[in-house]
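For reference, the structure is listed below as structure tokens.
Residue numbers (UniProt numbering): 1 to 78.
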């Protein structure tokens, strides 16, 4: 049985696919060069991780990061 890493949110033949990771997917295991399988409705596609990036939805978080000493906030951000 394979573990679900995330969901494809965009892509093209030239640029590859962009995947939003599931919250349960361990980011530390996402390494450039790792082979992955993308399962479609009719076919499976094989690929390789070529880049890993981290982004935020709200840019204000980069200016004033939340206090992660609060266990609830730490869990939400995990």
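We put the beta carbon where it would ideally sit given N, CA and C, even for glycine.
Residue from the options whose Cα sits closest to the Cα of residue i
i, options, result
"residue 50", "71, 62 and 31", "31"
"residue 5", "55, 39, 12 and 21", "21"
"residue 57", "69, 43 and 77", "77"
"residue 33", "41, 52, 42 and 25", "52"
Three-state secondary structure (DSSP) of residue i
i, result
"residue 20", "strand"
"residue 1", "Bear in mind that a pLDDT of 46 at residue 1, under 50, signals an unreliable position, so the number given afterwards is only what the model happens to contain. In this structure, residue 1 counts as coil in the three-state DSSP scheme."
Beta-carbon separation (whole angstroms), residue i vs residue j, contact threshold 8 Å
i, j, result
"residue 46", "residue 35", "7 Å"
C-alpha distance - residue i paired with residue j, whole-angstrom precision
i, j, result
"residue 16", "residue 59", "26 Å"
"residue 38", "residue 66", "34 Å"
"residue 19", "residue 41", "17 Å"
"residue 48", "residue 71", "35 Å"
"residue 89", "residue 75", "Since the displayed the chain opens at 1 and closes at 78, residue 89 lies outside it and no answer follows."
"residue 29", "residue 3", "12 Å"
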